[in-house]
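Residue numbers (UniProt numbering): 1 to 268.
If you want it as structure tokens, here you go:
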């Protein structure tokens, strides 16, 4: 059994102190979310949470270093920072957008008799998070939760095309473009040309680029900051589904526009 001065005991005590410090920092951050006013002073926080003012000041300094908290130099009062707001937006984008998109997916599938899907981005990949499949013997179904590269297929390209230029450049140059099928675009110059066309018309199409024998059309969903937070698509067997028809384009762009509007997006 470790003695009070043994390495094991010292390490456990250090871990306990670290965990306690993290918990206090979380308590301070969460208190900003519960407070009735947008900014708070050190004394107010210390009194509400039963902490010393010195401890609160140390925590606020650490949170400021990560832009989770900001301070007004004149009043010395603190408020939630850009990083905290970004976390909130990320949470809303990954939760609310699914509920918002659900009726649109159902409507799209019923109207077109094809599969309607919703995708979210995760780093250099994107994944399907929802789908509505038509009542047809010959139909397309996707695997939810499986990551795909951003250069493979209509939904992937719809994400990539509407990212800031520096993010597109980083993706294209960071690693070799991955081929999922023999139709996947793996040439950087060809991909950039395709992305430019997608941005101009507002949607992406694919014929077998992610799945052999599949055809799809995809459009971005934007939030109130005009950032692409999700992608909605229609997909079906290439023998039957024509993704670039006027009706398919209108149906999909209409659905994407309505969801984007719910997220506060206003086209410029």
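All C-beta atoms in this analysis are idealised placements derived from N, C-alpha and C, irrespective of residue type, glycine included.
Check the Cα spacing between residue 67 and each of 80, 211, 222, 59: the tightest is with 80. In the DSSP secondary-structure assignment, residue 61 is not bridged to any residue. When the beta-carbon positions are compared, residue 231 and residue 155 come within less than 9 Å of each other. Of the candidates 24, 39, 40, the residue whose Cα lies closest to the Cα of residue 62 is 24. The shortest CA-to-CA distance from residue 30 to any of 109, 45, 263 is the one to 45. Take residue 252, set aside five residues on each side of it, and the residues of its chain with a beta-carbon closer than 6 Å to its own are 217, 219, 234, in chain order. For residue 136, the secondary structure class from DSSP, reduced to helix, strand or coil, is coil.
Within the segment 171-250, the runs of beta strand (DSSP E) at least 3 residues long that lie entirely inside it are, in chain order, 204-207, 214-222, 228-237. Partner residues in the beta bridge of residue 71, as assigned by DSSP, are 78. Nearest Cα to residue 161 within the set 147, 189, 198: 198. Going by beta carbons, residue 222 and residue 263 fall inside the 9 Å limit. Looking at 60, 111, 183, 168, the one whose alpha-carbon comes closest to that of residue 124 is 168.
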